[in-house]
Amino acid sequence: MADSSVNLIELRGNVVLLDFWASWCVPCRRSFPWMNAIHHKYADRGLVIIAVNLDRNSADAKRFLERYPAAFRIVYDPDANLAKEFGIEVMPSSFIIGKDGQSTARHAGFKVKRQDEYEAAIVAALGLESLLE
Amino acid sequence: MAVVAIEMARTRKNEQFISVALATATCTLLGSGLPTPVDAQEEPSWNINTAAFYYGEDGGRVQDFSIKAIAERMFVDDRVLTLGLAIDALTGATPSGAIRLDVPQTLTQPSGNATKTVPAGEYPLDDTFRDIRVALTVNWQQPFGDTNLFNVGASLSKEYDYLHVGLNAKVARNFNKRNTTLSAGIAIARDQIDPEGGIPTPFSSMLDVGDLSNRLGTDSKDILDVVVGVSQVVSRNLVVQANYSYSYSDGYLNDPYRILSIGDSVSGDTIPRTPPPGVEGPSHEYIFESRPVERTKHSFYTQAKYYMNGKVLDASYRYMTDDWNIDSHTVNLRYRWPLGASKFLEPHLRLYSQNEAEFYRLSLVDGAALPAHASTDYRLGNFDAITLGAKYGWKTRSDNDMSIRVEWYQQSGSVPANLIIGNQAGRNNYPDLNALIVQFSYRFSR
Amino acid sequence: MSSRSPPRDISIRSLQQGWLGRFQAMGSPCELLCESRTRSAARQLTNLVAAEAWRVEDKFSRYLSGNVIDRINSAQGEPVLVDDETANLLDFADTLYELSNASFDITSGVMRQVWNFDGSDTLPSQEQVSRVLARVGWRKGRWVRPTLRLPADMEIDLGGLGKEYAVDSAVLILRGHTDTPCLVNFGGDLAVTGPPQQRAAWSVGVEGVAEGRADRMIELRAGALATSGDARRFLLKEGNRYSHILDPRTGWPVADAPNSVTVAADTCTQAGMISTLAMLRGADAEIFLDDQAEQYWCRR
Amino acid sequence: MKSTTIITATLLLTCSGCASLGVEPWERDVLAKDEMQLNADPVEAAIDDHIYFSKEASSGGRGFGGGGCGCN
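Protein chains in written order, with numbering that gives the first Met the number 0: chain A, 0 to 132; chain B, 0 to 445; chain C, 0 to 299; chain D, 0 to 71.
Structure representation (C-alpha cells):
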C-alpha cells in the first residue's frame, strides 16, 4: 500500500477521493478524522480514499500518522509528481474522481464548516443521493 | 490493576496473579463490549503563552515586575479568539527634567503637597513614581472566502493616572498560491490622563507646596494608526515582510511630571528663588514642559526570516520619522540555534539610534522669549541604544515550551553643543540608562 | 472460523424444559438453550445471539476481506486505525502476551502454513519452521491504541479468543433483553446468564477423545466453561503425538500438552484464556492450573 | 508627504516582483515551523514593544505596537 504511484485506471468503477496532504499542514489534522469517518461510511459502497503525502521525508508523514491514524490508503509522492499533475494550489487539496475516472469535484483547503458539502459531492459521485432523503 | 497484577505475576513468579490479571483484563474487554464509531483525537483548543518578566534600571531608577499571558482559543477553520492580560508593578525614579547643579536643589513633588531636596551635583529624580498597570486585550480572527483573513480587537489598560481604550481591525489577503500576503489595518485609541493634583499648565512655573493654581484637571489624547504591509515567501527558506505605518496623535502629548530648569544666560546655572516665609517650595526656577498638541509619525519596517539547516536568522530594520523632526533607526537581529531536538539558544542584538526632537532643550534661558515648545525628556533627545542578550529555550517532558531570556539594555546620549550654556558644559547632562531584562516564559496547550 | 459461508439461518427445537436454538457461526455449531415459554420468544432470543455471533465472525474473521483483520493483515507495514472494540481486543491480547511470557501470541497464526494437524506424519523441517517463525512476534508490531502497525509480512488472528469473546458478548446482550435463563454454547465454549429455573443447574457434557461421546457432565449454575485442546487435531510421528498447540517462541508444538483442558470461570473469555495458557505450559499444565483460583478438568 | 510617496513606490516595486517568487504549496514544510513565523513569540514581542515604547521616541512598525500606557 505504500507505493508512490496510484493507478487511477485500475480503480475505475470506484469513486476515488484523492487527497493531497503533508505532515506540517494544520488543516490536515482535521481532515484525517473526517476522512476516517467517510471511509467507514462509504468504503463498502465503492468509495476509495487515497491520501497522497507530499512530505520530502516520509518519516515526517509516519510521525503524523501515529498521531492522526488513517483508516484509508496512503501514497507517498515526495517529488510531488502527482501534485504537479493535479495542479495543487493549497494544502490540503482533494479531488473526487467518479466511477468513469473523471474528476467531479475539487476542494482547496479543508473547512470543518463545509464537511457536509464535501460529503454531498461524494454521495453524488457514488450515486447515493436517494439515501439522503 | 491489570498492570499491577502482571508485574506481580512476573516478579514474584507467583502464577496465582495471572487469573486476577486476566479477570481484570476481561472486565476491561467486556466493559465496553459493543462497537462505537471511530472518534479521532481532538486538537487542544487553547494555546496559552505566559511570561513573568523583570525590567530593572540601575541607580534606583525604574523597576518593572510584570506578568503577561496571551491565551488563544482555536476554533475550527482558523477562527481564533485571543485574550491578553498584563499586570505591571512599577517603582523607582525617573529624571524630572531639571539639570544638575553644584548646589542642592529643592523641588515640589508632582502631587504639589511636599518637597524633596536633591544633594549638590546629583540628578534631580522624581521618585514618587509607583504604579500598577493592568492591561487587557481581546482579538477575534475570522477567515472569509478562501484567501482573506479578518481581525478585530479591542484593548483596555488602566493605571493610577491613566486610562487607555482602543479598537483595531485588520484585513489580510493572500495571492499567488499564498506566497504573497497584503494586509491593511487601522487602530484608534483614546487615552485619558489624570495625574495626582491635576495636569499642570504647560510652561507654568513649579509652585510652592499647596498652590495648585496652575493645575488643569484631566486631559486626553486620540491616536490613529494605519498599517499597510506585504509579506512574501521568497523561497522554501526565506520569508520577508515590509510594512508602512502611519500614526497620528492629537491632544495632550506632554509628560505631566516633566519640568525644565530656567538657567542664567551666561553661567547656565538655574536661577535661584526663595519661597515665601513659612512656606515650602522650590529652591530654583522651574517650569513644566510644553510639547506640540499633534504628532505625525511614519515608520517603514522590513523583516526577513531565513532558515539555514535548523538555524533561523530573524533580521529586521525600522526607519521612523516624525514631524517633531525625530528620525530613528532600529536594527534587530536574532539567531536561533538549535541544541539537539528540543533545546535552542537565541542570541539577540538590537541597535537603536535617534536624534533629538526639534523642541528638545537642556534648559530654558532666563529673560529670553519662550520657544513655542520645549521638553527635556531624554526620550526625545539624541541617543543610541544597544540591547544584547540571549534566550535559552527547551521543551518540557509534556511537550510544552519554556524559555529564559536575559538581556542588557544600555542608552547613551548626548546633548547637542548648541543647547549647552556656560557651566552646563562641565556636567554630564544626559542621564545614561542601563537596564537588565529577565524573562521567563512558559507556553502550553490544553 | 471457516472460509465456507454456511447458510445463515436458525432452527428452533423444543426440549423437555425450554427450547434449543441452533445455527452455524465461526466454523462451529452454536446453540442457545433457553427457558422461554413460547417458540417465538425463543426464536427472537436465538436471532439476537446468532446476529451477534455472525457480527463478531464478520468483523474478526481472518478469512474475510475488507474487515478490520484484513485491513491490518494487508496494511504492508502501514499503521492501521482500529475501532474501540477491536482496540479492546488488542489490548486484551497484549495483556495475555505479557501474562503468558510471549507464549500467547495473536501473530502466531502464520505458523499453520508449515504445520498441518491432519493426523498425518508430515513434520516440517527446522528451516521451514525458522523461516515462518521470523514472521511471528507481537512485539515486532507496534500497538499504540488506537493504532496498530504490523511488519509487512506479519498477520494477526483473533481466532484464539474470538469465540469466547462472542459468547460473553452474546450473554451481555441476552441479559439486556430478558430475564429468562439462557445458556450460550459456541462450539463447546459456553456461558450462562444465570441458573435455570426449572432445575438445579445446567448440565454440560465435556466431550472425550472418542468423538461425540460426552464422558463427563458438569453442573453449571452461573459463569462459563471453555475447553482447549482438540481430540481430533494432532500429528503422529514415530509414536510421538504432536498436539496442535504451537509454541510461538520455538515454532514447535508444545511438548506433553494435555489432550484437553476445561476451565470454569466467571466469563467464557477468562475460562478460555486460562485453558489456553494451561495447554501452552505443556507438561506443567496442571501445576499452572493448581495455582489458579478456577476449577478445571484436565485430560491427558 | 514625500516619505509616503517613496514608501508606496517601494511597496509597488516589491509587489511587481511577487508573481515569480514563492514556493509550491507542498514546499511549505520549513515555512510552517513555529520558529519561521514572522511573529514567532508574540508575548516577547509585546513585552519588547512595551519596553521600547516607554524608553524611546519610536514605537510599532511591525504592527500596532506598544502604546496604551502613560509611560511616554
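Heads up, the beta-carbon is just placed ideally off N, CA and C, and yes, glycines get one too.
Given the structure is predicted, the values throughout are model-derived calculations rather than measurements.
8 angstroms Cβ shell around residue i - same chain, five flanking residues per side excluded
{"i": "I9 of chain C", "result": "G20, R21, F22, R42, T45, N46 and A49"}
{"i": "Q197 of chain C", "result": "Q16, G17 and E34"}
Integer Cβ distance of residue i from residue j, believed to fall under 8 angstroms
{"i": "A85 of chain B", "j": "I131 of chain B", "result": "The Cβ separation is near 11 angstroms, so there is no contact."}
{"i": "A60 of chain A", "j": "N52 of chain A", "result": "4 angstroms"}
{"i": "K67 of chain B", "j": "V42 of chain D", "result": "6 angstroms"}
{"i": "K165 of chain C", "j": "V55 of chain C", "result": "It is Ala, not Lys, that sits at residue 165 of chain C in the sequence shown. Contact holds; Cβ gap of about 4 angstroms."}
{"i": "Q302 of chain B", "j": "S327 of chain B", "result": "That belief does not hold up - the Cβ atoms of Q302 of chain B and S327 of chain B are roughly 17 angstroms apart, past 8 angstroms."}
{"i": "F382 of chain B", "j": "R290 of chain B", "result": "Not a contact, Cβ separation roughly 18 angstroms."}
{"i": "I121 of chain A", "j": "F19 of chain A", "result": "Incorrect: roughly 16 angstroms between the Cβ atoms, too far for contact."}
{"i": "T268 of chain C", "j": "D167 of chain C", "result": "5 angstroms"}
{"i": "V67 of chain C", "j": "T146 of chain C", "result": "At roughly 12 angstroms, the Cβ-Cβ gap does not stay under 8 angstroms, so V67 of chain C and T146 of chain C are not in contact."}
{"i": "A82 of chain A", "j": "N35 of chain A", "result": "Rounded, the Cβ-Cβ distance is 22 angstroms, inconsistent with contact."}
Chain-order list of residues whose beta-carbon lies under 7 angstroms from that of residue i (same chain, five-residue window excluded)
{"i": "I244 of chain C", "result": "P252, V253, A256, M278 and L279"}
{"i": "I273 of chain C", "result": "V262, A264, Q291 and E293"}
{"i": "P430 of chain B", "result": "P94, Y122 and Y377"}
{"i": "S202 of chain C", "result": "M216 and E218"}
{"i": "M0 of chain B", "result": "Unreliable placement is indicated for M0 of chain B, whose pLDDT of 33 sits below 50; the coordinate value is still reported in the next sentence. T23."}
{"i": "T85 of chain C", "result": "V67"}
{"i": "Y117 of chain A", "result": "H106"}
{"i": "N115 of chain C", "result": "T121"}
Own chain, CB closer than 6 angstroms to residue i, minus 5 neighbours either side, in chain order
{"i": "G111 of chain B", "result": "G196 and L211"}
{"i": "E406 of chain B", "result": "T386, G388 and I436"}
{"i": "F299 of chain B", "result": "Y243 and Y318"}
{"i": "F103 of chain B", "result": "This sequence places Pro at residue 103 of chain B; Phe is not what is there. Closer than 6 angstroms at Cβ, skipping near neighbours: T116, P118 and A119."}
{"i": "Q40 of chain B", "result": "Caution is warranted here: a pLDDT of 34 is assigned to Q40 of chain B, below 50, making its placement in the model unreliable, and no coordinate value can be reported."}
{"i": "Y351 of chain B", "result": "T329 and A384"}
{"i": "L33 of chain B", "result": "Caution is warranted here: a pLDDT of 31 is assigned to L33 of chain B, below 50, making its placement in the model unreliable, and no coordinate value can be reported."}
{"i": "P337 of chain B", "result": "G309 and F343"}
{"i": "A124 of chain A", "result": "V14, I95, G97 and T103"}
Host alpha helix (DSSP H) of residue i (start-end)
{"i": "C27 of chain A", "result": "C27 to Y41"}
{"i": "Q104 of chain B", "result": "Looking at the DSSP string, Q104 of chain B is not in any alpha helix (DSSP H); the run it does join, the beta strand (DSSP E), is Q104 to T107."}
{"i": "L89 of chain B", "result": "First-last for L89 of chain B: V79 to T90, but that is the beta strand (DSSP E), not the alpha helix (DSSP H)."}
{"i": "P247 of chain C", "result": "It is not in any alpha helix (DSSP H) - P247 of chain C carries neither H nor E in the DSSP assignment."}
{"i": "N80 of chain A", "result": "N80 to F85"}
{"i": "G55 of chain B", "result": "G55 of chain B -> not in any alpha helix (DSSP H); beta strand (DSSP E) instead, spanning W45 to E56."}
{"i": "V42 of chain D", "result": "P41 to K54"}
{"i": "Q114 of chain A", "result": "Q114 to L125"}
Cross-strand partners of residue i (DSSP beta bridge)
{"i": "W23 of chain A", "result": "In DSSP, W23 of chain A forms no bridge with anything."}
{"i": "V414 of chain B", "result": "DSSP output for V414 of chain B lists no bridge partner at all."}
{"i": "F174 of chain B", "result": "B:T179"}
{"i": "W139 of chain B", "result": "B:L80 and B:V151"}
{"i": "L279 of chain C", "result": "The partner list for L279 of chain C (beta bridge, DSSP) is empty, contrary to what the question assumes."}
{"i": "S10 of chain C", "result": "C:R21"}
{"i": "N167 of chain B", "result": "B:G152 and B:A186"}
{"i": "S95 of chain B", "result": "S95 of chain B is not bridged to any residue."}
{"i": "M205 of chain B", "result": "In the DSSP output, where bridge partners are listed per residue, M205 of chain B has none listed."}
{"i": "M401 of chain B", "result": "B:W393 and B:Y441"}
First through last residue of the beta strand (DSSP E) which encompasses residue i
{"i": "A225 of chain C", "result": "G222 to S227"}
{"i": "Y316 of chain B", "result": "K310 to D321"}
{"i": "K220 of chain B", "result": "D218 to S234"}
{"i": "M73 of chain B", "result": "Q62 to M73"}
{"i": "R333 of chain B", "result": "D326 to L338"}
{"i": "N347 of chain B", "result": "Strictly speaking, residue 347 of chain B in this sequence is His, with Asn absent from that position. Where H347 of chain B is concerned, the enclosing beta strand (DSSP E) stretches over K342 to Q353."}
{"i": "Y306 of chain B", "result": "E293 to M307"}
{"i": "V51 of chain A", "result": "L46 to N52"}
{"i": "D249 of chain B", "result": "L237 to G250"}
Distance cut-off 7 angstroms: residue i Cβ against heavy atoms of the ligand ZN
{"i": "A434 of chain B", "result": "By its list of ligands, the structure shown contains no ligand whatsoever, and the ligand ZN lies outside what it can speak to."}
Item to check | Segments of 4+ residues assigned as alpha helix (DSSP H) that fall wholly inside the segment 14 to 84 of chain C | outcome: 38 to 59 and 67 to 72
Checklist entry - What residue ranges within the segment 60 to 112 of chain A form continuous alpha helix (DSSP H) runs of no fewer than 4 residues, ordered along the chain? => result Within the segment 60 to 112 of chain A, the complete alpha helix (DSSP H) segments of 4 residues or longer fall at 80 to 85, listed in chain order.
Next on the checklist: Which complete alpha helix (DSSP H) runs does the segment 133 to 217 of chain C hold, if anything under 4 residues is left out?
Outcome noted: 158 to 176
Next on the checklist: Could you tell me which whole alpha helix (DSSP H) segments of length 4 or greater appear in the segment 91 to 133 of chain C?
Outcome noted: Listed in chain order, the complete alpha helix (DSSP H) runs (minimum 4 residues) inside the segment 91 to 133 of chain C are 125 to 132.
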